Amino acid sequence: MSTSLPKTRLYMTKELSASLKIDAVGAPAHYLAGVLRLTRGDVLGVFNGRDGEWLARIDSQGKGRCELTIERQLRPQRDEPGPWLLFAPIKKTGVDFVIEKATELGVSRLWPVFTQHTQSARVNLDRLRSRAIEAAEQCRRLTIPDIAEPIALDALESHWPRDRRLIVMDERGEGRPLAEIVHHFDGSPAGMLVGPEGGFATSELDALAALPFVTRASLGPRILRAETAAIAALVCWQALAGDWNQSLAQ
Ligand code: SAM
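Below is the structure:
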């Protein structure tokens with residue numbers, strides 16, 4: 231593991247460049263000084279999803295604020311074109327878990343989908359975005375996954391980009407094994423759809439199967455919890471078709 235990158239990382243929306251002074255107030259200042267106990271002279275990495283990662287040093291801190299100076303770029307920006315994950319929102323802790331793990335596993339878009347048996351009627355997008363940012367800071371990503379507006383499953387067809395495959399995790403076992411699909415994948419971008427705890431309705435799976443951009447997949451002989459299915463699908467993708475052939479980002 232590289233020791234040249236600071237362990238502490240902070241996402242911010244500002245443009246980043248050498249010598250920039252940043253006055254962090256509120257939550258970021260509390261996180262740096264109150265939670266991490268960083269003090270004057272300590273360093274951290276900062277990134278905004280566009281300008282790469284930069285070394286910042288704490289100049290001063292006071293009640294509710296923390297002043298930083300950006301010193302130099304540590305890593306240039308690069309694309310992180312991971313798969314999309316479409317998921318039926320589950321209870322709060324389950325969604326938090328999926329967002330965190332999917333971000334660590336490199337998804338580029340998280341897209342809540344309402345199905346007939348979806349448990350949650352609402353999704354707090356700000357909360358999902360905060361979870362994704364925390365996970366991206368921790369795992370050294372240079373981007374934050376896009377959190378898309380929730381969509382009803384029957385509206386997906388009209389919004390789906392035709393150059394992207396949609397791989398549907400079909401718990402009826404009618405799809406081919408996911409590992410086989412991914413192993414022979416044609417290189418086009420992909421999204422993976424996982425159903426809710428109550429499963430897809432038969433009519434939903436039949437309608438999905440008829441769409442030209444859909445491939446149905448099986449995750450083996452056991453029924454997995456929705457969270458487990460999402461993580462298993464992403465692990466399979468990253469290991470066989472994604473970026474697990476690369477080493478840790480330097
Ligand atoms: N209630 C459903 C049942 O008993 O058949 C199970 C739903 S499962 C908890 C939640 C979602 O995970 C499913 O809709 C599917 O997308 C995915 N899933 C779980 N196990 C799977 C498997 N063995 N193959 C494919 N998809 C699976």
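The sequence shown lines up with residues 231 to 480 when you count with the working numbering.
Backbone N, C-alpha and C fix where the C-beta goes; we use that ideal spot for every residue, glycine too.
Computed from a prediction, not measured in an experiment: that's the story for all the values here.
Out of the options, point me to the one whose CA is closest to residue i's CA.
{"i": "I329", "options": "R452, S360 and L396", "result": "S360"}
{"i": "I377", "options": "R305, P319, A263 and I252", "result": "P319"}
{"i": "L478", "options": "A437, R305, T345 and I300", "result": "R305"}
{"i": "A420", "options": "W467, T432 and A437", "result": "W467"}
{"i": "T269", "options": "K251, Q291 and A286", "result": "Q291"}
{"i": "V265", "options": "G271, L250 and T238", "result": "T238"}
{"i": "R370", "options": "K251, T333 and I453", "result": "T333"}
{"i": "A439", "options": "V412, L396, A460 and D272", "result": "L396"}
{"i": "V325", "options": "W474, R455, L470 and V465", "result": "R455"}
{"i": "F344", "options": "A431, L408, N475 and D473", "result": "A431"}
{"i": "L274", "options": "P236, P342 and I381", "result": "P236"}
{"i": "E379", "options": "L358, E367 and P391", "result": "L358"}
{"i": "H225", "options": "I381, V465 and D272", "result": "This structure gives no information on residue 225, because the portion of the chain shown stretches from 231 to 480."}
{"i": "I374", "options": "V353, K331 and P391", "result": "K331"}
{"i": "A254", "options": "L435, L470 and D289", "result": "D289"}
{"i": "A257", "options": "A459, L435 and Y241", "result": "Y241"}
{"i": "G271", "options": "L408, I300 and T243", "result": "I300"}
{"i": "L250", "options": "R267, Q303 and S234", "result": "Q303"}
DSSP on residue i, reduced to helix/strand/coil?
{"i": "I381", "result": "strand"}
{"i": "K251", "result": "strand"}
{"i": "P342", "result": "strand"}
{"i": "E310", "result": "coil"}
{"i": "S360", "result": "helix"}
{"i": "P236", "result": "coil"}
{"i": "P258", "result": "helix"}
{"i": "D436", "result": "helix"}
{"i": "E367", "result": "helix"}
{"i": "G405", "result": "coil"}
{"i": "A431", "result": "coil"}
{"i": "G264", "result": "helix"}
{"i": "M231", "result": "The predicted model places M231 with a pLDDT of 43, which falls under 50 and marks its position as unreliable; any figure quoted below should be read in that light. Of the three classes helix, strand and coil, the one that applies to M231 here is coil, per DSSP."}
Please name the residue or residues paired with residue i in a DSSP beta bridge.
{"i": "E283", "result": "F277 and R305"}
{"i": "A351", "result": "DSSP lists no partner for A351."}
{"i": "M422", "result": "L315 and I397"}
{"i": "E297", "result": "D253 and S290"}
{"i": "D376", "result": "R339"}
Let's see if you can read the secondary structure: which residues bound the beta strand (DSSP E) around residue i?
{"i": "S477", "result": "From DSSP, S477 is part of no beta strand (DSSP E); its letter is neither H nor E."}
{"i": "W314", "result": "W314 to F317"}
{"i": "S448", "result": "V444 to S448"}
{"i": "L240", "result": "R239 to Y241"}
What residue range is occupied by the uninterrupted alpha helix (DSSP H) comprising residue i?
{"i": "W467", "result": "A456 to L470"}
{"i": "A409", "result": "L408 to H413"}
{"i": "E334", "result": "K322 to E334"}
{"i": "L386", "result": "L386 to H389"}
Under a CB-based cut-off of 8 Å, is residue i close to chain B?
{"i": "M242", "result": "Looking at the structure shown, chain B is missing, and only one protein chain is on hand."}
Any heavy atom of ligand 3 within a distance shorter than 7 Å of the CB on residue i?
{"i": "S448", "result": "Looking for ligand 3 in the displayed structure turns up nothing; the ligands present are ligand 1."}
The segment 260 to 279 / the segment 395 to 409 touching (three or more Cβ pairs under 8 Å): no
Measuring CB atoms only, is the segment 334 to 341 touching the segment 304 to 319, in the sense that at least three cross pairs come out at less than 8 Å? yes
At least three beta-carbon pairs within less than 8 Å, the segment 434 to 447 to the segment 378 to 398: yes
Any chance the segment 280 to 298 sits against the segment 257 to 266, with 3 or more Cβ pairs inside 8 Å? yes
Are three or more beta carbon pairs between the segment 410 to 427 and the segment 347 to 358 nearer than 8 Å? yes
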